[in-house]
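These protein sequences, in sequence, are chains D and P. Residue numbering for the first sequence follows this note's numbering, starting at 476 and increasing by one per position. Residue numbering for the second sequence follows this note's numbering, starting at 252 and increasing by one per position. Backbone N, C-alpha and C define an ideal beta-carbon position, used for all residues, glycine too. The block underneath contains the structure these notes are about, expressed in structure tokens.
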Amino acid sequence: DGGITQSPKYLFRKEGQNVTLSCEQNLNHDAMYWYRQDPGQGLRLIYYSQIVNDFQKGDIAEGYSVSREKKESFPLTVTSAQKNPTAFYLCASAERGEKLFFGSGTQLSVL
Amino acid sequence: EDQVTQSPEALRLQEGESSSLNCSYTVSGLRGLFWYRQDPGKGPEFLFTLYSAGEEKEKERLKATLTKKESFLHITAPKPEDSATYLCAPSESGGYNKLIFGAGTRLAVHP
Chain D
476 DGGITQSPKY LFRKEGQNVT LSCEQNLNHD AMYWYRQDPG QGLRLIYYSQ
526 IVNDFQKGDI AEGYSVSREK KESFPLTVTS AQKNPTAFYL CASAERGEKL
576 FFGSGTQLSV L
Chain P
252 EDQVTQSPEA LRLQEGESSS LNCSYTVSGL RGLFWYRQDP GKGPEFLFTL
302 YSAGEEKEKE RLKATLTKKE SFLHITAPKP EDSATYLCAP SESGGYNKLI
352 FGAGTRLAVH P
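Okay, structure coming up:
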């Protein structure tokens with residue numbers, strides 16, 4: 476079945492540590508996105524990529540980094556510079572201008 | 252500034268009690284408006300896309316409508332399995348599919 480796979484489902488970060496969230500899609504979509512979801516708030520865009528080897532900052536990119544070396548993969552690194560990383564992280568992909576397909580999410584918590 | 256406001260924040264219905272959810276938006280140049288359903292701990296699931304004022308779309312007990320400033324999600328004779336958070340996201344016209352998400356309406360349908 477085609478879809479988006481995020482891993483792990485749950486992740487814990489120690490202070491000063493960088494952690495990487497995985498996102499893989501087999502939908503052959505050009506565009507991929509990372510969103511952050513906090514309780515009571517809408518999804519906020521962290522980074523997006525419209526094509527391999529290219530990506531742009533979203534509304535809340537500080538403390539995060541991404542790479543897009545393959546069409547299928549768009550990993551997100553939460554760096555130690557992100558002081559409030561606890562949130563639900565969602566990866567999505569889409570054909571240009573079309574609806575977004577979302578993964579099942581990663582819940583990141585701080586130890 | 253682009254804004255999306257969903258109301259009510261939470262809604263409790265008895266099974267079979269119809270109601271409507273509201274999404275008010277302010278975006279510069281609407282490309283489309285998306286509705287998603289999100290279950291706890293999962294990624295959003297696509298429901299509808301509306302592109303122009305006056306457009307309506309239906310799926311089972313759900314019907315979405317669009318005006319120039321608002322969208323409504325009407326739920327007819329809801330069942331407990333309709334319990335979820337419903338997210339509205341207008342998309343701006345432009346180079347990439349930028350969705351602006353509202354905080355959602357948490358719907359609980361009780362038997």
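Secondary structure at E309/P, three-state DSSP: helix, strand or coil?
strand
Considering only C-alpha positions, which residue in the set E260/P, F323/P, E266/P, V360/P is nearest to A304/P?
F323/P
Comparing the CB of D529/D with every heavy atom of the ligand GTP, is any distance shorter than 7 angstroms?
For the ligand GTP, the structure offers nothing, since it holds no ligand at all.
How many whole angstroms separate the CB atoms of T356/P and P259/P, which I take to be in contact at a CB cut-off of 8 angstroms?
6 angstroms
If you check the beta carbons only, do L262/P and S270/P fall under 8 angstroms apart?
yes
Taking only three categories from DSSP, how would you classify E332/P?
helix
May I have the straight-line CA-CA distance separating E537/D from A359/P, to the nearest angstrom?
36 angstroms
Beta-carbon of Q492/D versus every beta-carbon of chain P: anything under 8 angstroms?
no
Taking beta-carbon pairs under 7 angstroms, can you tell me which members of the segment 294 to 308 of chain P lie near chain D?
G294, P295, F297, T300
Can you have a look at F299/P and say buried or exposed, based on whether 16 or more other CB atoms are within 10 angstroms of its CB?
buried
Which residue from I526/D, Q512/D, E490/D puts its Cα closest to that of G580/D?
Q512/D
Find the nearest neighbour of C498/D within the set E573/D, R488/D, K484/D, judged by alpha-carbon distance.
K484/D
Under the assumption that D333/P contacts R312/P (Cβ atoms under 8 angstroms), give the Cβ distance between them as a whole number of angstroms.
6 angstroms
Along the beta strand (DSSP E) that carries Y539/D, what are the first and last residues, could you check?
539 to 541
Delimiting residues of the beta strand (DSSP E) encompassing S275/P:
270 to 277
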